[in-house]
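Counting from 1, one number per residue, gives the positions in the sequence shown under the UniProt record's numbering.
Just below is one structure, and these are the notes that go with it.
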Amino acid sequence: MASDETMKRPGMRAKVGWRAIAVVAALVMPVVAARAQDPGGVLERAMAGRAVPAMGLAVLRERHVAALAVRGVRRIDGDDPVRADDLWHIGSDAKAMTATMIARLVERGVLHWDDRVDRVLPELAATSLPQYRRASLADLLGHRSGLPHDLVDPGARAVFFSDSGPGSLTQKRLSYVARAMQDRPVGPLGAFAYSNTGYLLAVAMAERASGRSYEDLMTDEVFAPLGIDRVRFGTTVPGEVQGHRHGHATGALEGNPLFFAPAGNLVLSLEDWARFCLDQLDGARGQGRLLSRAGYRRLQVAREGCGYGMGWEVARKYAGRAGPVLVHAGSDTSWYAIAVLFPERGTGALVVANAGADMGGEAADRAALDDVLPDLAPPAQ
């Protein structure tokens, strides 16, 4: 399935399915006194007239979650209400987490930003194209390797995505990138081209250099230090919030395989997603818990000519609000999530829908952001 989110810039089109929604559940959990409008009402307006079963929203301000709200039902064909501690799939919004984990390895000297693929994974040289062998760790996390978005051949992709073969997740990632490095580049080395495969390759380098799996690295380097404990790799299971597309709930077998997690295949609670994003805001001010100030800057400053750092799109404005702003959208086609952070103001908003763009998930997310962002940043000039 992969992700249909390609960071084309804010304003990607959505196909909106119209269906009357009865709001079955509502929960608003203020964490500190919120100056903004009621976030539950924001979600109600965003869902109105759209076939989105449920949404969640977290508003960040002054180093805290200013408000958190959820609305709707876990499945479109049921009446089980969503809860504040439910898990949501955030797609490629998890790329910032992957990049942060690797940045921690770099700061400890386990890896270096200029480490090339052929030096860390020399066995791939015989079957891969020369451009990919020369790509550095920084190239991969900044989407500047020329690797295509995903494995090009649909037949080969289907085999890998069945995830039924033997081997560990680390071995499956290495096999996938070895095949992908035979595909023709979509651009020259150094030019921006969004690539899920690039993140899998960067993680294969991290796994080799550290001797640890991606899953263990993320737990030890990102989740545990921030107190993130409502998180799981893969998608949700029956009884939890379900993703939706084409008008029906989708199961785990319709999502991305587990080995694809570095590119964005995990679920977590809104509060835990907020914990990570609050640390990104703190890091921009030299107060983060995971990296040095220079380390956060490496992730949050755009490379020349592309508007992307590492795991974040970096813009001067977003939705009519003044930046600088860190943005990322994520979707496995059954969910849609958007994170928007204003690092100079210490504010942000996280919104997620359990529906893909075809059912109005993207449109609903953007409608919610249009409602809350005026309280978080001034108008762009």
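Positions of the beta carbon are idealized from the N, C-alpha and C atoms, including for glycine.
According to DSSP, is residue i helix, strand or coil?
| i | result |
| --- | --- |
| leucine 299 | helix |
| methionine 359 | helix |
| valine 372 | helix |
| phenylalanine 260 | helix |
| tyrosine 194 | coil |
| tryptophan 335 | coil |
| arginine 61 | strand |
| tryptophan 312 | coil |
| tryptophan 113 | coil |
| alanine 353 | strand |
| arginine 144 | coil |
| methionine 55 | strand |
| alanine 84 | coil |
| proline 379 | strand |
If you compare alpha carbons, which of the options is closest to residue i?
| i | options | result |
| --- | --- | --- |
| leucine 60 | Ser162, Thr170, Lys317, Ala274 | Ala274 |
| glycine 40 | Arg83, Ile76, His64 | Arg83 |
| valine 301 | Gly323, Ala319, Arg289, Gln287 | Gly323 |
| residue 385 | Val314, Gly109, Ile228 | Here the chain has residues from 1 to 381 only, and residue 385 is not among them. |
| tyrosine 199 | Leu140, Leu226, Gly109 | Leu140 |
| phenylalanine 233 | Pro53, Val42, Ala94 | Ala94 |
| phenylalanine 342 | Lys317, Pro81, Ala103, Asp77 | Lys317 |
| glutamine 131 | Thr100, Val186, Arg298 | Val186 |
| proline 238 | Ser168, Asp80, Gly72 | Asp80 |
| glycine 109 | Arg285, Phe276, Ala367, Gly295 | Gly295 |
| glycine 346 | Glu62, Asp38, Met55 | Glu62 |
| valine 352 | Gln37, Gly72, Asp38 | Gly72 |
| serine 213 | Thr170, Thr333, Arg157 | Thr170 |
| glycine 264 | Leu290, Arg293, Ser331 | Ser331 |
| serine 168 | Met101, Met218, Pro257, Gly251 | Pro257 |
| serine 195 | Pro262, Met101, Arg303, Gln37 | Pro262 |
Are residue i and residue j closer than 8 angstroms when you measure CB to CB?
| i | j | result |
| --- | --- | --- |
| arginine 173 | valine 152 | no |
| alanine 355 | valine 372 | no |
| aspartate 115 | leucine 87 | no |
| threonine 236 | histidine 89 | yes |
| leucine 268 | alanine 58 | no |
| alanine 209 | leucine 105 | yes |
| leucine 124 | valine 117 | yes |
| serine 334 | glutamate 254 | yes |
| valine 120 | methionine 205 | yes |
Can you grab the Cα-Cα spacing for the pair residue i / residue j, in whole Å?
| i | j | result |
| --- | --- | --- |
| valine 314 | leucine 326 | 5 angstroms |
| leucine 281 | glycine 311 | 14 angstroms |
| aspartate 365 | glycine 190 | 32 angstroms |
| glutamate 215 | threonine 98 | 10 angstroms |
| alanine 377 | proline 225 | 29 angstroms |
| alanine 249 | glutamine 381 | 42 angstroms |
| glycine 142 | alanine 67 | 32 angstroms |
| glycine 211 | aspartate 375 | 45 angstroms |
| leucine 266 | glycine 320 | 30 angstroms |
| alanine 135 | arginine 144 | 8 angstroms |
| leucine 299 | serine 128 | 28 angstroms |
| valine 340 | alanine 367 | 13 angstroms |
| glutamate 221 | phenylalanine 259 | 19 angstroms |
| proline 122 | glutamate 207 | 14 angstroms |
| tyrosine 176 | proline 53 | 34 angstroms |
| serine 292 | isoleucine 76 | 44 angstroms |
| glutamate 44 | alanine 329 | 21 angstroms |
| phenylalanine 161 | arginine 289 | 35 angstroms |
| alanine 126 | glutamate 344 | 46 angstroms |
| proline 166 | valine 70 | 39 angstroms |
Looking at C-beta atoms only, is the number of pairs between the stretch 242-252 and the stretch 296-313 that lie closer than 8 angstroms three or more? No contact exists between the stretch 242-252 and the stretch 296-313.
With a threshold of 8 angstroms, are at least 3 pairs of Cβ atoms found where one atom belongs to the stretch 47-54 and the other to the stretch 359-366? Enough Cβ pairs lie closer than 8 angstroms, so yes.
For the structure I just gave you, are there three or more beta carbon pairs, one from the stretch 135-150 and one from the stretch 169-186, closer than 8 angstroms? Between the stretch 135-150 and the stretch 169-186 there are three or more inter-stretch CB-CB distances shorter than 8 angstroms, so the stretches are counted as touching.
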